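All remarks here apply to the structure that follows.
Structure below.
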């Protein structure tokens, strides 16, 4: 499937150890900043109806605000709580002050 | 809702956003927020799924009235958490949400209260009734949506899917499975008669037929098929089936639990080669099979029969629907995503108890 880079946020929009929601082509993503690097996952928790961008970051883990399910921000793997389905992750790239996310054209 | 009711203010906040709406004293916060056009999180709207959780921020616990303390989803709520579908307030409150705040999409009919009355109640299968409700005003909805019904002498609302295409003008048609000792079942079986008042709130639900769905593949168990009758009828009338085709696997226990076969059979006959309807019986034989030559009958659990069909029927890029009791919905989701690699976002469902 064709992968495309999309502008997501300005780097200055995301503080260190913070997460924001961005919507790209009707798709809701969470963009994180950890140790100066940017990461992106789906924003919707795989367990309940919640936005991970509303959650809290501890080290490299995002904790869902609804049931405290935890995912690794770098890999999307479950790290505890009631979650069992991994989170989809997306490659990111910083170009100057802009952060881009690579998603497939259809999904 | 009556015009003179006292109104309170509900303020919502998330990490970065705030919003608010007015609710009548005693009104369910979920209903008030939705009719105000806020896309609050929910699935069942009945206290079973826990999706409409919020955190009470304002320190006014005495202002909060829990309308259904024994709700299935109430057992694992954290401190200060509430279910918006089962909570009413007597004073202004502030809540924290766990999803992003947004408005209902403009193409979605705004949920509202409508007064109605029973047009007819008819038994159609074992413990199963067709309930037809006339409403004072037309209630626009999308194929696949449901409404909340409230009747005299029965506390709370019950969720039932509209079982006909929204383009068909007329009463709202529902399929209701009765349960032992259920108050709504008792009303339906003994007290409901033409003219009995029914209060309706709706339409609700996100498992709707998209504008250009591609092929449809649906798995339904029991009365869960109601919303899919609406989806398939609309797809047929709109011409979607002629374009992309569809498979519907309908699971029931025995032939005594079968309903809607005439209708399904007629659709399969009208659209030969476009719609495959498979009736999966988990017990007993299908003596009626000869009466419905356009339907396929199979023996086995609905998920097993669906798995066999998935292996046979094209479903790449299809729009999937799943409906039924939670074990069927969860099992079908796992089968589709893990077994057949279907993206989770391509499966539409609303989880009911």
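Chains as they are written, first to last, in our numbering: chain A, 854 to 960; chain B, 948 to 1300. Just so it is clear, CB atoms sit at the ideal spot from N, CA and C, and this is done for glycine as well. Here the structure is a predicted model, which means the values were calculated and not measured.
Check your understanding: Using the C-alpha atoms, what's the distance from residue 877 of chain A back to residue 951 of chain A?
Key -> Roughly 15 Å between the two C-alpha positions.
Practice item. Would you mind telling me which residues of chain B sit closer than 7 Å to residue 919 of chain A, beta carbon to beta carbon, in chain order? Key: Result: 1000, 1045.
Exercise for review: May I ask which residues mark the beginning and end of the beta strand (DSSP E) holding residue 1188 of chain B?
Suggested key: Residue 1188 of chain B -> not in any beta strand (DSSP E); alpha helix (DSSP H) instead, spanning 1187-1191.
Exercise for review: Report the residue from A:871, A:869, A:875 whose alpha carbon sits nearest the alpha carbon of residue 859 of chain A.
Suggested key: A:875
Point to revise | Cut-off 7 Å between Cβ atoms - residues of its own chain near residue 1061 of chain B, not counting five sequence neighbours on either side | key: Within the same chain, residue 1061 of chain B has close Cβ partners 1082, 1083, 1084, 1086, 1147.
Check your understanding: residue 1095 of chain B: which of B:1120, B:1116, B:1115, B:1072 sits nearest, CA to CA?
Key -> Of the listed residues, the one whose Cα sits closest to residue 1095 of chain B is B:1120.
Check your understanding: With 16 other CB atoms within 10 Å as the buried threshold, where does residue 911 of chain A fall?
Key -> Looking at its Cβ environment, which holds fewer than 16 other Cβ atoms inside 10 Å, residue 911 of chain A is exposed.
Point to revise | Chain-ordered residues of the stretch 955-968 of chain B with a beta carbon less than 9 Å from chain A | key: 961, 962, 963
**Study point:** Local Cβ density within 10 Å of residue 1259 of chain B, reported as buried at 16 or more and exposed below that
**Key:** exposed
Practice item. Tell me whether residue 1171 of chain B sits in a helix, a strand or coil according to DSSP, three-state version. Key: helix
Review point. Is there contact between the stretch 1170-1187 of chain B and the stretch 1101-1117 of chain B, where contact requires at least three CB pairs shorter than 8 Å?
Key: The answer is yes - the stretch 1101-1117 of chain B touches the stretch 1170-1187 of chain B, with three or more Cβ pairs under 8 Å.
Check your understanding: Name the DSSP bridge partner or partners of residue 883 of chain A?
Key -> A:874, A:894.
Practice item. Count the C-beta pairs between the stretch 1149-1166 of chain B and the stretch 1126-1137 of chain B that are closer than 8 Å, then say yes if the count reaches three, no if not. Key: no
Practice item. Provide the residue span of the alpha helix (DSSP H) that contains residue 1202 of chain B, from first to last. Key: Counting along the chain, residue 1202 of chain B falls outside any alpha helix (DSSP H), and DSSP gives it neither H nor E.
Practice item. Would you tell me roughly how many angstroms separate the C-alpha atoms of residue 941 of chain A and residue 979 of chain B, rounded to the nearest one? Key: 34 Å
Review point. Quick one: is residue 953 of chain B near chain A, going by C-beta distance under 8 Å?
Key: no
Exercise for review: Return no unless some Cβ of chain B is closer than 8 Å to the Cβ of residue 942 of chain A.
Suggested key: No, residue 942 of chain A does not count as interfacial toward chain B.
Point to revise | For residue 971 of chain B, the first and last residue of its enclosing beta strand (DSSP E) | key: 965-971
**Study point:** Length of the line joining the Cα atoms of residue 1222 of chain B and residue 920 of chain A
**Key:** Going from the Cα of residue 1222 of chain B to the Cα of residue 920 of chain A covers about 41 Å.
**Study point:** is_contact[residue 955 of chain A, chain B] using C-beta, thresh 8 Å
**Key:** no
Point to revise | Beta carbon of residue 1283 of chain B nearer than 8 Å to that of residue 1268 of chain B | key: No, they are not a contact pair.
Review point. Is it a yes or a no for the stretch 1034-1046 of chain B touching the stretch 988-1006 of chain B, going by three-plus beta-carbon pairs under 8 Å?
Key: yes
Point to revise | Those runs of the beta strand (DSSP E) which lie wholly inside the stretch 987-1024 of chain B and span at least 3 residues | key: 1000-1003, 1011-1013
Check your understanding: Are at least three pairs of beta-carbons, each pair with one atom in the stretch 1240-1259 of chain B and one in the stretch 1210-1228 of chain B, less than 8 Å apart?
Key -> Three or more beta-carbon pairs separated by less than 8 Å link the stretch 1240-1259 of chain B to the stretch 1210-1228 of chain B, which places the two stretches in contact.
Check your understanding: Are any of the Cβ atoms in chain B nearer than 8 Å to that of residue 869 of chain A?
Key -> no
Review point. Under three-state DSSP, which class holds residue 1037 of chain B?
Key: coil
Point to revise | According to DSSP, residues forming a beta bridge with residue 1071 of chain B | key: In DSSP, residue 1071 of chain B forms no bridge with anything.
Exercise for review: Given a cut-off of 8 Å, decide if residue 957 of chain A and residue 855 of chain A are closer than it, judged by their beta-carbon atoms.
Suggested key: yes
Review point. Between residue 923 of chain B and residue 1020 of chain B, what straight-line distance do the alpha-carbon atoms span, to the nearest angstrom?
Key: Outside the displayed range of chain B (948 to 1300) lies residue 923 of chain B, so it cannot be described from this structure.
Check your understanding: The alpha helix (DSSP H) with residue 1251 of chain B in it runs from where to where?
Key -> 1249-1259
Check your understanding: Helix, strand or coil: which one does DSSP assign to residue 1081 of chain B?
Key -> Strand at residue 1081 of chain B.
Check your understanding: Per DSSP, what kind of secondary structure is residue 956 of chain B in: helix, strand or coil?
Key -> strand
Point to revise | Beta-carbon proximity of residue 896 of chain A to residue 887 of chain A, cut-off 8 Å | key: By the CB criterion at 8 Å, residue 896 of chain A and residue 887 of chain A fall outside the cutoff.
Check your understanding: Residue range of the beta strand (DSSP E) that residue 908 of chain A falls in?
Key -> Segment: none, residue 908 of chain A is in no beta strand (DSSP E) and carries neither H nor E.
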